[in-house]
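Chemist:
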Amino acid sequence: MHSIQTQTAQELNGGIYFIVNLTFVVRNVGRIIAHEWAISLRNVEHPTEGFFERHRLMFDYEHEFQIPYSSGGIELRQPILPGRGLRQTRPLGFPVFFPVGGPIFNFTEAVEERFKGTMFHFQLATEFSAGEISPLGLEHLIPVQEMALMAVQTAPHYFSL
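The sequence shown lines up with residues 705 to 865 when you count with the numbering used here.
#1: Alpha carbon to alpha carbon, how far is Trp741 from Leu796? Give it in angstroms, no decimals.
#2: Just mark Arg818 as buried or exposed, buried being the case when its beta carbon has 16 or more other beta carbons within 10 Å.
#3: Let's see if you can read the secondary structure: which residues bound the beta strand (DSSP E) around Ala713?
#4: From which residue to which residue does the beta strand (DSSP E) around Ala742 run?
#5: Just checking Ile723 against the ligand SAM - is the residue's beta carbon closer than 7 Å to any of the ligand's heavy atoms?
#6: Which residue wins for smallest C-alpha separation from Val800, given the options Phe722, Phe863, Phe809, Gln709?
#7: Return the bridge partner residues of Ser838 from the DSSP annotation.
#8: Might you give, ordered along the chain, the residues of its own chain that have their beta carbon closer than 7 Å to the beta carbon of Met854, omitting 5 neighbours on each side?
#9: Could you compute how far the alpha carbon of Pro860 sits from the alpha carbon of Asn732?
#10: Quick one: grab the DSSP three-state call for Pro783.
#11: Going by the CB atoms, is the gap between Gly821 and Pro751 shorter than 8 Å?
#12: Which residue wins for smallest C-alpha separation from Glu715, given the options Met823, Ile737, Val804, Ile784?
#13: Looking at the secondary structure, which residues open and close the beta strand (DSSP E) in which Leu726 lies?
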């Protein structure tokens with residue numbers, strides 16, 4: 705995982721629905737050109753029981769703020785030469801629910817809680833290898849302050865001054 709940037713936000717049922725861009729850098733550390741490869745999200749875990757029934761993660765949406773049609777992933781047939789890398793960006797959508805009418809720190813706490821302990825399990829596969837599943841925590845990469853500014857711009861009536 706290279707970076708996460710906030711793309712857009714919209715009000716959604718008493719919360720704010722965000723779409724962030726996840727940027728991956730895929731490096732070919734082998735000696736053979738990788739012609740076909742894929743990054744797949746295999747599993748997401750959170751320490752709180754039932755967390756994802758309340759807070760859905762959405763990849764590969766057909767239209768902004770719609771429920772997507774798949775669990776997501778990146779598949780390309782763009783070759784990666786040995787010793788080289790390729791940068792790919794994919795959207796991730798998620799809602800953040802927080803006490804409306806309160807100060808902005810209620811929102812930042814809600815975002816931090818949303819990703820605290822969340823583990824994403826990605827798998828990188830090529831035509832030569834199924835790849836291993838690698839866990840990745842995003843809580844330190846989530847741009848909380850950037851999201852807070854976008855939340856205030858999107859729904860200023862949600863916050864007290």
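Cβ coordinates follow ideal geometry from the N, Cα and C atoms, glycine included.
Modeler: In short:
#1: 20 Å
#2: buried
#3: 707–716
#4: 741–749
#5: This structure lacks the ligand SAM, and indeed carries no ligand of any kind.
#6: Phe722
#7: Phe826
#8: Thr710, Ala713
#9: 45 Å
#10: coil
#11: yes
#12: Val804
#13: 719–731
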